[in-house]
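This report concerns only the one structure given below.
In full-length UniProt numbering, the protein residues as written are 1 to 629.
Given below as structure tokens:
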């Protein structure tokens with residue numbers, strides 16, 4: 001078929017649209033492919049391959065049609081009416097149309113034999129969803145059969161179902177919502193061009209991508225990916241990006257700053273910013289890349305953030321004295337959890353909930369690393385002070401040796417700052433001179449603590465009740481600080497307090513902690529709680545309890561026999577325990593009145609007779625008396 005009728009080509013009409021008008025003018029129907037016999041593929045025409053049309057139309061006419069057809073370039077981009085697009089930004093199979101544009105075509109016909117209703121090249125651009133000339137949304141479906149309109153059809157304005165597409169319903173859009181579409185259509189020659197200082201310097205593909213990426217950052221939900229957004233929402237995104245760019249450099253920076261102010265996961269960039277960076281990093285070196293890098297550098301510097309990817313594209317790092325938490329992790333030589341805890345303990349991550357990828361001062365992190373490195377454990381501290389590790393733990397529990405917040409965050413087990421320990425030793429030493437020989441009538445803190453307790457002694461020294469007299473040169477820690485012996489006696493007398501702790505009460509009664517707790521819970525000994533909420537026992541009640549009751553363990557030890565034998569003898573004489581307390585299914589406490597001592601003293605031949613005395617509340621069995629008979 002040679003197509004004797006040749007309608008004129010309309011500027012802006014792609015090859016696929018002209019081929020359909022050509023077939024329609026020569027009486028062909030869409031049910032049969034008029035180009036199949038001539039080796040012309042409608043699919044190739046939609047993709048801008050017009051070589052098969054040269055024998056039919058001639059080279060000159062085909063060259064004019066090629067300008068308005070999406071043609072692939074050697075670098076992989078698509079050329080359309082002198083503009084460069086990405087392959088994903090162009091429709092090849094689907095036909096979009098504007099009903100109002102076809103109405104203008106019909107109104108412009110001057111009684112010619114063939115209708116001039118034609119396709120526009122900018123209808124195939126995916127980013128364009130609205131006709132900016134008429135403010136009408138572009139259609140891509142038949143309103144009767146609801147099928148997508150394909151470019152492989154034989155007629156321009158007729159659907160496969162026979163419906164007249166030119167009579168479709170118009171969907172009017174507000175004029176202010178077509179600004180981004182008007183810019184794209186203007187660059188493709190479809191309407192008056194809207195000048196833009198920033199976008200005009202970019203290829204159209206980059207201009208569209210910049211508007212869409214920034215629009216996704218502005219209007220999309222939290223951590224939304226542009227590729228997974230609903231296509232129906234993308235026109236609004238592009239419009240938001242267009243308005244952001246129109247505000248100039250400040251608009252770009254405000255857009256990025258707004259995202260950084262609402263972080264996703266800690267120390268992670270928002271997904272939208274990551275996608276924006278991926279697009280930016282793929283740009284060739286030039287004015288656009290330099291311009292965006294400058295915008296980001298301004299945002300990073302102003303907010304003191306860490307964005308290492310952007311820093312590779314600027315001449316100087318925006319924040320040379322600031323590092324991220326990830327870099328601080330390597331500087332502190334700790335795991336991620338410990339690093340975060342250290343930075344929070346030092347007050348360097350206060351803005352982590354307000355900012356994305358906050359930075360910290362490099363010098364402060366280096367100071368933290370040096371401070372963490374000098375912390376010492378309990379054993380080393382005990383050697384430094386000249387006391388046992390158990391005494392160190394007592395001082396820590398009493399608050400005399402405070403645990404640093406930084407040490408708690410950096411280590412699982414207790415660690416201490418030697419500088420703080422030296423400060424406490426200096427407080428204890430006071431104005432005492434450093435001497436080589438211990439002064440007379442003095443004793444070291446370590447030795448004195450054996451009488452009155454390390455906690456009570458250190459607290460008395462720090463409170464000023466006891467004053468150090470000298471410090472021996474070369475002696476470690478507390479072992480080198482000397483105090484007056486008289487002060488120890490006074491402190492010992494001060495210990496005669498009407499209330500004693502559970503540990504001292506247990507030693508007095510010869511009882512384990514579990515048994516003592518049962519006695520106290522039963523109400524046999526009065527208790528109070530001090531200012532630190534620690535339980536104290538009445539000293540008089542403890543002494544009275546010791547004099548009144550005796551345990552089978554004490555009896556068996558005094559009579560040099562087993563507890564079973566003692567219990568058997570007492571049961572034979574009808575003696576029952578005065579106090580019997582159980583812990584679970586096991587009897588923990590069994591106490592008798594001390595009157596049972598007289599009963600056991602009149603023991604039969606199986607028990608050795610001897611003198612029994614009570615000293616210090618304990619039974620003592622003397623030598624056996626000789627037989628005088």
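Ideal Cβ placement from N, Cα and C applies to all residues, glycine included. Here the structure is a predicted model, which means the values were calculated and not measured.
8 Å or more divides the Cβ of residue 119 from the Cβ of residue 142. A residue is called buried when at least 16 other Cβ atoms come within 10 angstroms of its Cβ; residue 483 meets this threshold and is buried. Rounded to the nearest angstrom, the gap between the Cα atoms of residue 549 and residue 576 is 13 Å. For the UniProt domain "TniQ" (4-138), the continuous alpha helix (DSSP H) assignments of 4+ residues that do not extend past its boundaries occur at 15-25, 42-46, 54-57, 59-66 and 99-108, in sequence order. In this structure, the beta-carbon distance from residue 9 to residue 65 falls below 8 Å. In the DSSP annotation of this structure, residue 444 is not part of any alpha helix (DSSP H); the continuous beta strand (DSSP E) holding it starts and ends at 442-444. Residues 429, 432, 433, 434, 435, 480, 481 and 482 of the same chain have their beta carbon placed closer than 8 Å to that of residue 471, with the five preceding and five following residues left out of the count. Taking 8 Å as the cut-off, the beta carbon of residue 42 is found closer than this to the beta carbon of residue 16. In the structure shown, residue 257 falls within a helical segment according to DSSP collapsed to helix, strand and coil.
By the beta-carbon neighbour count (other beta carbons within 10 angstroms, threshold 16), residue 109 is exposed. Here the alpha carbon of residue 199 sits roughly 5 Å from the alpha carbon of residue 207. Residues 519, 522, 524, 549, 589, 590 and 591 of the same chain have their beta carbon placed closer than 8 Å to that of residue 579, with the five preceding and five following residues left out of the count.
Assigned with DSSP and collapsed to three states, residue 327 falls in helix. Excluding five sequence positions before and after residue 379, the CB atoms of its chain that fall closer than 8 Å to its own CB belong to 389, given in chain order.
Looking at the backbone, the Cα of residue 104 and that of residue 128 are separated by about 20 Å.
Between the alpha carbons of residue 76 and residue 44 lies a distance of about 16 Å.
For residue 416, the beta-bridge partners assigned by DSSP are 376. Within the same chain, and ignoring the five residues on either side of residue 92 in sequence, the residues whose Cβ sits closer than 6 Å to its Cβ are 46 and 47. The alpha carbon of residue 475 has as its nearest neighbour, out of 72, 445, 328 and 182, the alpha carbon of 445.
For residue 400, the secondary structure class from DSSP, reduced to helix, strand or coil, is coil. Rounded to the nearest angstrom, the gap between the Cα atoms of residue 162 and residue 197 is 47 Å.
Distance from the CA atom of residue 74 to the CA atom of residue 84, rounded to whole angstroms, is 12 Å. A Cβ-Cβ contact shorter than 8 Å links residue 182 with residue 191. Counting of Cβ neighbours within 10 angstroms places residue 514 among the exposed residues, the total staying below 16.
Taking C-beta atoms under 8 Å as the contact rule, residue 499 and residue 539 qualify, at a distance of about 6 Å.
Take the alpha-carbon of residue 545 and the one of residue 486: they are about 33 Å apart. Per DSSP, the unbroken beta strand (DSSP E) holding residue 537 starts and ends at 535-538. The DSSP-derived three-state label of residue 392 is helix. In the DSSP annotation of this structure, the continuous segment of the beta strand (DSSP E) that includes residue 468 starts and ends at 468-472. Apart from the 5 residues on each side of it in sequence, residue 345 sits with its Cβ closer than 6 Å to the Cβ of 405, 406 and 409 in its chain, given in chain order. For residue 588, the enclosing beta strand (DSSP E) covers residues 586-593.
The criterion of a C-beta distance shorter than 8 Å is not satisfied by residue 193 and residue 204. Under the three-state reduction of DSSP output, residue 146 falls in the coil class, being neither helix nor strand. Rounded to the nearest whole angstrom, the C-alpha separation of residue 556 and residue 562 is 5 Å. Burial of residue 135 is indicated by the presence of at least 16 other C-beta atoms within 10 angstroms of its C-beta. In this model, residue 361 and residue 323 are separated by some 6 Å (Cα to Cα).
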